Amino acid sequence: MILMIDNYDSFTFNLVQYLGELGEELLVRRNDEITLDEIEELAPDFLMISPGPCSPNEAGISLAAIERFAGKIPIFGVCLGHQSIAQVFGGDVVRAERLMHGKTSEMHHDGKTVFQDIENPFTATRYHSLIVKRETLPECFEITAWTDEAEIMAIRHKTLPIEGVQFHPESIMTSFGKHLLGNFIKTYQPSKKLV
């Protein structure tokens, strides 16, 4: 079961729909309507942190959930979720030089895990005014996707099952979005869960 933390974003349900089409069981909880202990009791196979209209500091339980369950449950963050992951581990989330709302960019990637068997580059849709500052990305992460301007578009923890993407895989203008989500599930199946 996937637990989706909803950061009050309309895109959350597009993500849920894609994951449902992949055959996944989902539970959606708003970022101020669930506790860490309740997450523990639910024992989800995956934790996903949705996009949202704010910064990680206003994302309810998102930061605390990432901190508590890192290394215990595979975590995937989209947009605000991705920024939240970077911030929990010490990265800075700053105002982007270019605001991207409903604009597409070419994504270059490393071809591993979530990007396996995905065209390189591929087109993805961006809706964000904040970005993870490249120089502050913690050593424990690798950059897995980037734009022509070298902006961070995806990160992967080097030892824990944690990944984040800045772009929106659930957008109709993102090619391979559903494939990318399926790759996350496939890569971090519960049988591979850390003990």
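Numbers 1187 to 1381, taken from our numbering, label the letters of the sequence shown in order. Here a beta-carbon is modelled for each residue, glycine too, at the ideal position from N, C-alpha and C. These figures come from a predicted structure and were not determined experimentally.
Just checking, does the segment 1247–1265 make contact with the segment 1326–1340 on the three C-beta pairs under 8 Å criterion?
Contact between the segment 1247–1265 and the segment 1326–1340 is absent, because fewer than three Cβ pairs lie under 8 Å.
What first and last residue would you give for the beta strand (DSSP E) that runs through L1213?
From DSSP, the beta strand (DSSP E) with L1213 extends over L1212 to R1216.
For D1296, which residues in the same chain have their Cβ closer than 6 Å to its Cβ, ignoring the five residues on either side in sequence?
Cβ neighbours of D1296 beyond the five flanking positions: T1330.
Tell me where the beta strand (DSSP E) around Y1313 begins and ends.
Its beta strand (DSSP E) spans residues F1308 to V1318.
CA-CA distance, L1173 and A1336?
Outside the modelled stretch of the chain, which goes from 1187 to 1381, sits residue 1173, for which no answer is possible.
At the level of alpha carbons, what is the spacing between V1381 and E1349?
Any reading at V1381 needs caution, since the residue's pLDDT is 43, under 50, leaving its predicted position unreliable; the model's value is listed next. V1381 and E1349: Cα-Cα distance of roughly 19 Å.
Nearest to I1317 by CA position, among G1277, H1294 and M1293, is which residue?
Among G1277, H1294 and M1293, the Cα nearest to that of I1317 is on G1277.
If you drop the 5 nearest sequence neighbours on each side, which residues of the same chain put their C-beta closer than 6 Å to that of Q1375?
The answer is none, since no qualifying residue turns up.
From what residue to what residue does the beta strand (DSSP E) around H1295 run?
Run containing H1295: V1279 to H1295, per the beta strand (DSSP E) assignment.
Using CA coordinates, which residue listed in N1243, P1324, E1305 and A1245 is at the minimum distance from F1178?
Any property of residue 1178 remains undetermined from this structure, which presents the chain solely from 1187 to 1381.
Compute the Euclidean distance between the alpha carbons of R1215 and S1236, then round it to the nearest angstrom.
Distance between the alpha carbons of R1215 and S1236 is about 10 Å.
With the cut-off set at 9 Å, would you say H1354 and T1311 are in Cβ contact?
Yes, these two residues count as a Cβ contact at 9 Å.
Where does A1251 sit, in a helix, a strand or coil, going by DSSP?
It is helical.
Using the Cβ count rule (16 or more neighbours within 10 Å means buried), how would you classify L1213?
Exposed is the call here.
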